[in-house]
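Undergrad: To get this note's numbering, take the position in the sequence shown, counting from 1, and add 4.
Starting off with a structure, shown below.
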Amino acid sequence: MKKYLLLLIIAFLTKQTTAQTADIILTNGKIFTSDTGKLYVQALAIKGNTILAVGTNEEIKEFASAKTKTINLQGKTVVPGFNDAHDHPGFLVSVSKSFSCEFSVAGPDKKTVIDSVSRLVKTAKPGEWINGMIGMTVFTDATMRGILDSLAPNNPVGLQNPWGHGLVLNSHALKLLHIAEDEPDPLAGWYVRKANSNLITGALWEYAQWPVWRVLAAAEPEHYIQGLKLYADEQIKMGITTVQFMNNFPLVEDYFIKANLPQRIRLIPFPGTTKDGRNLNEWKNINTHPTSLMYVSGIKYLIDGTPFEEACLNRKPYPDKPNWYGRTDMPVDTIKQILKEAYYGNTQLLMHIVGDSSMNIVLTLMKQAGNDAVWKSKRVRFEHNATSNASAADVEMIKDMGIIMAHTPKYGHSCHIQSFLDKGIIVSVSPDGTTNPFWDIMVMTSQQTDPAENTTVEQAVIAYTKTNAYAEFTEKEKGTLMPGMLADIAVLSQDIFNIPKEQLPTTKSLLTIVDGKIVYEQIIKD
């Protein structure tokens, strides 16, 4: 009997030891966990798609077997995979005949744009879309529609500003989209009209863009899918393992499925509008978990526009407060309904808010709609953290309701970061098209207008990983390198915690792991 029990115990212990054998071990590294309880460890073990253990080299080698892949990091720095919490399936990804430009408010001059369109027309088939990026110089030029008509009479042309809030179309595109010369404005969007007329110029703002994006999304599916793959490849090489895409149409979900990207993909419904209201019906039957690495959740709305169009259109709805800008695009009654749905429902609400007046309006309406504790549980996100002119009262409401301030470094040099963290306000990172997280970290840690708002590199990495997971309700699954968490990991080319800030953007990933699998690998050299 005793011998039988001993054999059972030995069998049990053998089974337990086998169950705890690692598939991959990273050893001899500087591993930043993003968990403030234990920020740095020397080694970690991975089994399946999760982290089995973290600790010293000696502690972790106990999990090795003959089948374990052991990687000597040789002192390299390791961080949790970065979570790109704000991105868009690209405008230029949609079609093959397109041109881009360096980001600036003014954008390229008219001659440059004319030359770019002319070059693409030469190789375009009749009816093929031509796209490009412009700035306010071309966007506000009332002659552009006529010029585009003469350059491309047989092709639809759409020129987009790089921040995504305005388009210029030629007549061929307007006809293709069934946009009449006196088309009524959709909810929260509008067509620029000719002086003293109801006729449109070809320029359109905000939610008036949705019909254009819908047609572009369907124009060249294979090109779109290939563009997604190339974009993912670029991000994986920078250690980005999760991307949260603001998705305008259910159609795009199918493209992501076919692309089969080596990243975690969150698609956030970003519904359009018509003249009759919000277009929510097409999202009712969406598959919320189409693949093991893809999921659909949340909802996003544009509450206002951008400072660029405010300056362009001189929209100053508050004459008693001349420094305020940001008239809401959404009518107040619609905002109230959106907030009611968020408060009583289970769908996370994300709002584009960049005007100080519109931020105050939304915060006040949220206070009126319900209590702080419920709002905290909803984790409402204000995209871009446009808080350079936020009042003390607004800041207190942000803190009280647990608003996640989704900071966009390339737009947010004058916004609050460190002071918000000091107050206990949640600050995440919403890159909005930046594929180099180390550039974002450089800006957050060294280029704030007020140096007191610069964060530490550790704080910036935590915001980009742990906090961004919290900002999508997945902080119990990923965002830190601790036992039981998903094995999404980046091994970096240099120690980002101990190099001059200006060198941060030169960092790359040498090894990227997603869901416990190596998806990108370079040789780690001495």
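All C-beta atoms, glycine included, are put in the ideal place defined by N, C-alpha and C.
Grouping DSSP H, G and I as helix and E and B as strand, with all else coil, what is His293?
TA: One-based indexing of the sequence shown puts residue 293 at position 289. Note: His293 maps to coil in three-state DSSP.
Undergrad: Would you list, in sequence order, the uninterrupted alpha helix (DSSP H) runs of no fewer than 4 residues that lie entirely inside the region 370-395?
TA: 376-382
Undergrad: Any idea what DSSP makes of His411, helix, strand or coil?
TA: Residue mapping note: residue 411 aligns to position 407 of the sequence shown, counting from 1. His411 falls in the strand class under three-state DSSP.
Undergrad: According to DSSP, is Gln352 part of a helix, a strand, or is it coil?
TA: Looking up residue 352 in the sequence shown gives position 348. In the structure shown, Gln352 sits in coil (DSSP, three-state: anything other than H, G, I, E or B).
Undergrad: Which of the three DSSP states, helix, strand or coil, is assigned to Thr516?
TA: As a first step, residue 516 must be located in the sequence shown, where it is residue number 512. Of the three classes helix, strand and coil, the one that applies to Thr516 here is strand, per DSSP.
Undergrad: Do Glu132 and Asn159 have their beta-carbon atoms positioned less than 9 Å apart in this structure?
TA: Locating residue 159 in the sequence shown gives position 155, where the first residue counts as 1. Locating residue 132 in the sequence shown gives position 128, where the first residue counts as 1. Contact flag set, yes.
Undergrad: Any idea what DSSP makes of Gln24, helix, strand or coil?
TA: Along the sequence shown, one-based indexing puts residue 24 at 20. Here Gln24 carries a coil assignment [DSSP, helix/strand/coil].
Undergrad: Can you tell me which of Thr278, Ala221, Ile229, Val125 puts its alpha carbon nearest to the alpha carbon of Tyr195?
TA: Walking along the sequence shown from the start, residue 195 turns up at place 191. Comparing Cα positions, the closest option is Thr278.
Undergrad: Pick from Gln164, Gln230, Gln267, Ala222: whose alpha carbon is nearest that of Gly243?
TA: As a position in the sequence shown, residue 243 is number 239, starting the count at 1. If we check each option's Cα against that of Gly243, Gln267 comes out closest.
Undergrad: For Ser395, count neighbouring Cβ atoms within 10 angstroms of its own Cβ and tell me buried if that reaches 16, exposed if not.
TA: On the sequence shown, position 391 is the one that residue 395 refers to. Exposed, because fewer than 16 other Cβ atoms sit within 10 Å of the Cβ of Ser395.
Undergrad: Closest by CA to Asp337, which one among Pro275, Gly349, Leu369, Asn440?
TA: Start at 1 with the first residue of the sequence shown, and residue 337 comes out as number 333. For Asp337, the nearest C-alpha among the options comes from Leu369.
Undergrad: Express the C-alpha separation of Asp186 and Leu203 in angstroms, rounding to a whole number.
TA: On the sequence shown, residue 203 is found 199 positions in, with the first residue counted as 1. On the sequence shown, residue 186 is found 182 positions in, with the first residue counted as 1. Each residue's alpha carbon lies about 5 Å from the other.
Undergrad: From the DSSP output, in three-state form, read off Gln78 for me.
TA: To locate residue 78, count along the sequence shown from 1; it is residue 74. Coil.
Undergrad: Here's a check: name, in chain order, each residue in its chain whose Cβ is nearer than 7 Å to the Cβ of Gly374, leaving out the five neighbours to either side.
TA: Here the question's residue 374 lines up with position 370 in the sequence shown. The answer, listed in chain order, is Tyr347.
Undergrad: Shortest alpha-carbon distance to Asn291 belongs to which of Asp280, Ile261, Leu306, Ile307?
TA: Numbered from its first residue, the sequence shown carries residue 291 at position 287. Shortest Cα-Cα distance from Asn291 to any of Asp280, Ile261, Leu306, Ile307 involves Ile261.
Undergrad: Taking the straight line between their C-alpha atoms, what separation do you get for Ala473 and Pro188?
TA: Working through the sequence shown from its first residue, we reach residue 473 at position 469. Working through the sequence shown from its first residue, we reach residue 188 at position 184. When rounded, the distance between both Cα atoms is 41 Å.
Undergrad: Between Phe253, Leu208, Asp258, Asn264, which has its C-alpha nearest Tyr235's C-alpha?
TA: The count along the sequence shown starts at 1 and reaches residue 235 at position 231. With distances taken between Cα atoms, Tyr235 lies closest to Asn264.
Undergrad: Three or more C-beta pairs closer than 8 Å, one from the region 445-459 and one from the region 57-65: is that the case here?
TA: no
Undergrad: Gln248 lies in the beta strand (DSSP E); which residues open and close that run?
TA: Translated into the one-based positions of the sequence shown, residue 248 becomes position 244. Gln248 -> beta strand (DSSP E) spans 244-251.
Undergrad: Would you please state the rounded distance, in angstroms, between the beta carbons of Lys126 and Thr81? I believe it to be under 8 Å.
TA: Your numbering for residue 126 matches position 122 in the sequence shown. Your numbering for residue 81 matches position 77 in the sequence shown. Taking C-beta atoms under 8 Å as the contact rule, Lys126 and Thr81 fail to qualify, at a distance of about 49 Å.
Undergrad: Does the distance from the CB of Ala207 to the CB of Met148 come in under 9 Å?
TA: Translated into the one-based positions of the sequence shown, residue 207 becomes position 203. Translated into the one-based positions of the sequence shown, residue 148 becomes position 144. Yes, these two residues count as a Cβ contact at 9 Å.
Undergrad: Please name the residue in Met250, Ile466, Asn393, Gly437 whose C-alpha comes closest to that of Phe107.
TA: Here residue 107 refers to the residue found at position 103 of the sequence shown. The shortest Cα separation from Phe107 among Met250, Ile466, Asn393, Gly437 belongs to Gly437.
Undergrad: My output table needs one value for Ile183: the three-state DSSP class, helix, strand or coil.
TA: Locating residue 183 in the sequence shown gives position 179, where the first residue counts as 1. Residue state, collapsed to three classes: coil.
Undergrad: Nearest by alpha-carbon distance to Tyr44: which of Thr478, Val465, Ile517 is it?
TA: Here residue 44 corresponds to residue number 40 of the sequence shown, with the count starting at 1. Cα-wise, what sits closest to Tyr44 is Val465.
Undergrad: So within the region 98-155, which uninterrupted alpha helix (DSSP H) runs reach at least 4 residues, ignoring any that extend past its ends?
TA: 114-127, 140-143, 148-155
Undergrad: Measure the C-alpha to C-alpha separation of Met405 and Phe386 and round it to an integer number of angstroms.
TA: As a first step, residue 405 must be located in the sequence shown, where it is residue number 401. As a first step, residue 386 must be located in the sequence shown, where it is residue number 382. Rounded to whole angstroms, Met405 and Phe386 show a C-alpha spacing of 12 Å.
Undergrad: To the nearest whole angstrom, what separates the beta carbons of Ile402 and Leu425, a pair I think is in contact under 8 Å?
TA: Indexing the sequence shown from 1 puts residue 402 at position 398. Indexing the sequence shown from 1 puts residue 425 at position 421. So it is not a contact: roughly 12 Å between Cβ atoms.
Undergrad: Identify, in the order they occur along the chain, each residue of the same chain with its Cβ nearer than 7 Å to the Cβ of Asn440, setting aside the five sequence neighbours on each side.
TA: The count along the sequence shown starts at 1 and reaches residue 440 at position 436. Correct list, in chain order: Met242, Pro509.
Undergrad: Compare the Cα-Cα distances from Asn87 to each of Gln372, Asn165, Arg123, Ile493 and report the closest residue.
TA: Numbered from its first residue, the sequence shown carries residue 87 at position 83. Across the set Gln372, Asn165, Arg123, Ile493, the C-alpha of Ile493 shows the shortest separation from the C-alpha of Asn87.
Undergrad: Going by C-alpha distance, which of Pro435, Ala456, Ile407, Phe442 is nearest His420?
TA: If you number the sequence shown from 1, residue 420 lands on position 416. Taking only the C-alpha atoms, the option nearest His420 is Ala456.
Undergrad: Less than 8 Å between the CB atoms is what I'm expecting for Asn389 and Gly416, so what's the real figure, rounded?
TA: Position 385 of the sequence shown, counted from the start, is the residue given in the question as residue 389. Position 412 of the sequence shown, counted from the start, is the residue given in the question as residue 416. Asn389 to Gly416, Cβ: 6 Å. Contact.
Undergrad: Measure the alpha-carbon distance for Val172 versus Gly59 and round it to whole angstroms.
TA: Working through the sequence shown from its first residue, we reach residue 172 at position 168. Working through the sequence shown from its first residue, we reach residue 59 at position 55. Across the structure, Val172 and Gly59 are spaced so that their CA atoms are roughly 56 Å apart.
Undergrad: What first and last residue would you give for the beta strand (DSSP E) that runs through Pro273?
TA: What you label residue 273 is simply residue 269 of the sequence shown in a count that begins at 1. Taken as a continuous stretch (DSSP letters only), the beta strand (DSSP E) holding Pro273 covers 268-273.
Undergrad: Using a 10 Å radius around the Cβ and a threshold of 16 neighbouring Cβ atoms, would you call Phe103 buried or exposed?
TA: Taking the first residue of the sequence shown as position 1, residue 103 is located at position 99. Buried: at least 16 other Cβ atoms inside 10 Å.
Undergrad: Here's a check: name, in chain order, each residue in its chain whose Cβ is nearer than 8 Å to the Cβ of Ala128, leaving out the five neighbours to either side.
TA: As a first step, residue 128 is located in the sequence shown; it is residue number 124 there, counting from the start. Here the set comprises Lys101, Ile134, Ala156, Asn159.
Undergrad: For Ser362 versus Thr332, is the C-beta distance shorter than 9 Å?
TA: The count along the sequence shown starts at 1 and reaches residue 362 at position 358. The count along the sequence shown starts at 1 and reaches residue 332 at position 328. Yes.
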